[in-house]
Amino acid sequence: MNVKQQATCMKTDPGAAPVSNRTEVVPTNPKEGTTMVTQVEPHANPGTRKLLYRVTEAAHLLSLSRSQLYELIRAGRLRSVKQGKTRLVPESAIREYVDLLISESGEVRYGETA
24 MNVKQQATCM KTDPGAAPVS NRTEVVPTNP KEGTTMVTQV EPHANPGTRK LLYRVTEAAH
84 LLSLSRSQLY ELIRAGRLRS VKQGKTRLVP ESAIREYVDL LISESGEVRY GETA
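Here is the structure:
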């Protein structure tokens, strides 16, 4: 889990392609054309997965705001743990929440029959 992140804020074209395959462009203020460019160095072992995500990372994975994610945690719909002062969301909790949303919507999952 030794991921180093380096972020810079800059004006870019909103439709611009990422600079490299390890770069993510996230809009921060569309009116000003400001975006956050995050470069992530790969894990030391590419076969490893993250087991715990920071709240901002989990929110990004679920396409939610940080506030919405904290509300889900407060309501008991999304499990989380604390490590010191840091609130972390287990990968399994993210999967469980997505499964909960699918079951609540009444939709059939891909590859399953009704």
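One point on numbering: in the working numbering, the residue at position 109 of the sequence shown is 132, and numbering is uninterrupted.
Glycine included, C-beta positions come from ideal geometry on N, C-alpha and C.
Lys108 to Glu127 span [Cα, whole Å]: Cα to Cα, Lys108 sits roughly 33 Å from Glu127.
According to DSSP, is Leu75 part of a helix, a strand, or is it coil? It is a strand residue.
What number of angstroms, rounded off, separates the C-alpha of Ala178 from the C-alpha of Thr71? Here the chain covers residues 24 to 137 and nothing more, so residue 178 does not appear.
Tell me the DSSP secondary structure of Leu111 in three-state form. Leu111 falls in the strand class under three-state DSSP.
If you follow the alpha helix (DSSP H) that Ser15 is in, where does it begin and where does it stop? This structure leaves residue 15 out entirely; the chain is present only between 24 and 137.
Using C-beta distances below 6 Å, list every residue in its chain close to Leu123, excluding the 5 sequence neighbours before and after it, in chain order. Correct list: empty, nothing qualifies.
Measure the C-alpha to C-alpha separation of Ala98 and Leu92 and round it to an integer number of angstroms. Using only the alpha carbons, I get a separation of about 10 Å.
Just list the residues that DSSP pairs Val104 with in beta bridges. As a beta-bridge residue in DSSP terms, Val104 pairs with Leu111.
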